[in-house]
Amino acid sequence: MNKRIYTQLILDTKNDVSKCTSSYIKDIFDVEVKTCDNLIEYAKVIDDAVLHRWFSKHWQNKMKKWKYSGVALIDEVNSLKPRAVLDVGCGYNEFRGKIDNLIGIDPYNKNADINVGIMDYRSTEKFDVILALGSVNFGGRNKIISEFSRMVTMLADGGTMFFRVNPGVQNSAPEARWIEYFPWNVPFIIELASMFNLKVLDIHDDTNQRKYFVYKKK
Ligand SMILES: C[S@@+](CC[C@H](N)C(=O)[O-])C[C@H]1O[C@@H](n2cnc3c(N)ncnc32)[C@H](O)[C@@H]1O
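Following the working numbering, the numbering of the sequence shown begins with -19 at its first residue and continues without gaps.
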């Protein structure tokens, strides 16, 4: 749930869903969405539309700038000799052809191998390596834990997950105004490890206040 969007909807409509008209939604959030039965549903579809607009039209990649979680990962991942690698939220899919046996998924960027979000991706295959570089970062704690849990399910025993996260720094671009960045921190990274029986192999501060960390499935 994007609390920022939901709170705005409650304040503006006084919890009356009939006031949530398409012109109101266009005025405030600058997106078009389907009609919904309640404000929780509206918050969800508006959040998806806002993320879609941002990541398909405005956000640009800067893979070279990361000290740990960019190009340095190519050798690091290939040295594990993975049979299958999943790049969750691959963006421009810059690891394609560079990391072995890679599939890039992304719901909003057309350069992905498959245009799908992590919660809707279905695979019978287990992955030796899963990357989530800036992609498990949007919405509240429950959404983050659900996405994380799905990734753990798709990770093979002994497999490795590499993360880059934003600790909640808001992007100042007007188009990113309604995006809710989850405030990742070290205690939460460690809490997830104990919740999902993972080992934390590495944690570093990366460029631009981002955190880089690595888990291994026991
Ligand atoms: C900050 S960008 C990072 C892209 C790429 N991983 C990189 O490091 O350049 C975050 C990416 O996550 C994608 N994303 C957002 N929500 C997602 C979801 N639920 N499942 C998978 N990808 C998602 C966005 O479309 C976007 O391409």
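Just so you know, even glycine gets a beta-carbon here, dropped at the ideal spot from N, CA and C.
With contacts defined as CB atoms closer than 7 angstroms, Lys47 and Thr140 fail to qualify as a contacting pair. Cβ-Cβ distances below 6 angstroms link Lys78 to Ile54 in the same chain, with the five nearest sequence neighbours on each side left out; the list follows chain order. DSSP lists Asp67 as the beta-bridge partner residues of Gly84. Between ligand 1 and the CB of Ser115, the shortest heavy atom gap is smaller than 6 angstroms.
For Asn89 and Lys123, the gap between their C-alpha atoms comes out near 20 angstroms.
Leu60 sits in coil when the DSSP states are folded into three classes, being neither helix nor strand. The beta carbon of Val25 sits no closer than 6 angstroms to any heavy atom of ligand 1. The DSSP-derived three-state label of Ala153 is coil. Judged by DSSP in its simplified three-state form, Val145 adopts strand. Excluding sequence positions up to five before and after Gly114, its CB lies within less than 6 angstroms of the CB of Arg144, all in the same chain and listed in chain order.
In the DSSP assignment, the residues bridged to Ala112 are Val68, Phe143. Pairing Val13 with Ala29 gives a Cβ-Cβ distance under 7 angstroms. Note on geometry: alpha-carbon atoms of Tyr(-14) and Asp7 lie some 16 angstroms from one another. About 6 angstroms separates the Cβ atoms of Lys(-17) and Gly120, confirming a contact at the 8 angstroms cut-off.
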